[in-house]
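When you read off a place in the sequence shown, starting at 1, and then add 1297, the result is the number in my numbering.
Glycine included, every Cβ here is placed at the ideal spot set by N, Cα and C.
Report on the following structure.
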Amino acid sequence: MSGLSSHVPDPRLLTTYAEHEDSPFHRVNAWTKVAVLALLVVAVTIADGLAAVWALYVAVLAGYAYAGLPVRKLLVWYTLPVIFVAAIAGPLAFGIGGRPMVELGPVSITWEGAATFVTLLGRGLTVVTYSLAIWMSTPYASIAHVLGRSLPSPIDQVALFAYRFTFVILEVVEDLLAGIHARGGRIQSDFWENRSLYGRIFGHTFIRSIERSEALLKSMNARGYHGDLAVYGHVDRPPARELLAVGAFALGIAVYAVTVAYGVMP
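Here it is, written out as structure tokens:
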């Protein structure tokens, strides 16, 4: 991804890991991975306290590293999720009362506010890390099959085409950036002074992307596409050991919810 920021995951790199690498996590059934993702979202949502959330994150990160996926790149890819969480949850750190940690004039950051922010950050990074692990360990054909059987039509087709369309947009943007650099242009300079250049880049990207997407659809129709991408992939039923593991994880979440998170049972 030469022309784009290294802080944004390159879909082509993620797809390369999924299609050509091999690890224990690559060999896990795609249905199992998606089921664990749904359970993980529930787990980080009901996790009570900083320690529980970050314990889940450490477990997911350890699995990510064990699968042979790029940990250093992952830390760089965290930039956008961290900025997003800071923009949404950052103000909460100033609005929660408690023991002051840092005083900034009339406002202060409390220990309780900082703990809330770090907890929300841990929830976000846990889901992001596992989602990237799925993307980098599951071939596109398997993803297409799972989404096609899980989502209603035409939502499944929209999701799958959006994924493929990402590659089209990346090619268009990189061609434009290469042309700008070849002509001595600089997009790192002040945005306001170069607003017309950014506008032309956006408009040209939009037009070229539409043209390429139409060509992509025509080529797919010529190859027998009839409105269902899911038929081009097949994922078998998960083996018994994976079903037992998912069931145990779900049971553990349920027990934690009724005993710790919500205190239904002492």
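Coarse secondary structure for residue i, derived from DSSP in three states
{"i": "V1399", "result": "strand"}
{"i": "S1450", "result": "coil"}
{"i": "Y1297", "result": "For the chain, the structure presents residues 1298 to 1563; residue 1297 sits outside this window and is missing."}
{"i": "S1303", "result": "coil"}
{"i": "H1317", "result": "helix"}
{"i": "I1440", "result": "helix"}
{"i": "R1393", "result": "The sequence shown places Ile at residue 1393, rather than the Arg named in the question. I1393: coil per DSSP, three-state reduction."}
{"i": "T1433", "result": "Here the sequence assigns Met to residue 1433, which means Thr is not the residue at that position. If DSSP states are grouped into helix, strand and coil, M1433 belongs with coil."}
{"i": "D1472", "result": "helix"}
{"i": "N1326", "result": "coil"}
{"i": "H1531", "result": "coil"}
{"i": "A1344", "result": "coil"}
{"i": "L1366", "result": "coil"}
{"i": "G1544", "result": "helix"}
{"i": "R1520", "result": "coil"}
{"i": "Y1553", "result": "helix"}
{"i": "G1560", "result": "coil"}
{"i": "Y1354", "result": "helix"}
{"i": "R1480", "result": "coil"}
{"i": "P1536", "result": "coil"}
{"i": "Y1375", "result": "coil"}
Proximity of residue i and residue j at Cβ, strictly below 9 Å
{"i": "T1426", "j": "V1350", "result": "no"}
{"i": "I1504", "j": "I1343", "result": "no"}
{"i": "T1435", "j": "A1547", "result": "no"}
{"i": "G1419", "j": "Y1354", "result": "yes"}
{"i": "V1469", "j": "L1377", "result": "no"}
{"i": "L1513", "j": "V1443", "result": "no"}
{"i": "G1365", "j": "S1320", "result": "yes"}
{"i": "T1416", "j": "G1346", "result": "yes"}
{"i": "A1340", "j": "Y1559", "result": "no"}
{"i": "V1331", "j": "E1539", "result": "no"}
{"i": "V1373", "j": "S1303", "result": "yes"}
{"i": "L1448", "j": "P1308", "result": "no"}
{"i": "M1433", "j": "A1315", "result": "yes"}
{"i": "A1430", "j": "F1322", "result": "yes"}
{"i": "G1445", "j": "V1382", "result": "no"}
Opposing strand residues paired with residue i [DSSP bridges]
{"i": "V1404", "result": "L1401"}
Residues near residue i in its chain [Cβ-Cβ closer than 8 Å; skip 5 each side]
{"i": "S1428", "result": "L1334"}
{"i": "L1337", "result": "L1353, V1357, T1423, V1424, Y1427"}
{"i": "S1405", "result": "F1391, P1397, M1398, V1399"}
{"i": "V1251", "result": "Residue 1251 lies beyond the residue range present for the chain, which begins at 1298 and ends at 1563; the question has no answer from this structure."}
{"i": "S1506", "result": "F1462, V1465, I1466, V1469"}
{"i": "L1311", "result": "L1429, W1432, M1433"}
Residues near residue i in its chain [Cβ-Cβ closer than 7 Å; skip 5 each side]
{"i": "H1501", "result": "L1473"}
{"i": "L1389", "result": "G1410, T1413, F1414"}
{"i": "W1408", "result": "G1395, R1396, M1398"}
Cβ neighbours of residue i in the same chain (closer than 6 Å, five flanking residues each side left out)
{"i": "I1498", "result": "L1473"}
{"i": "R1509", "result": "V1465"}
{"i": "D1453", "result": "L1444, G1445"}
9 Å Cβ cutoff, residue i in contact with chain C
{"i": "L1514", "result": "Protein chain content of the structure displayed is limited to a single chain, and chain C is not contained in it."}
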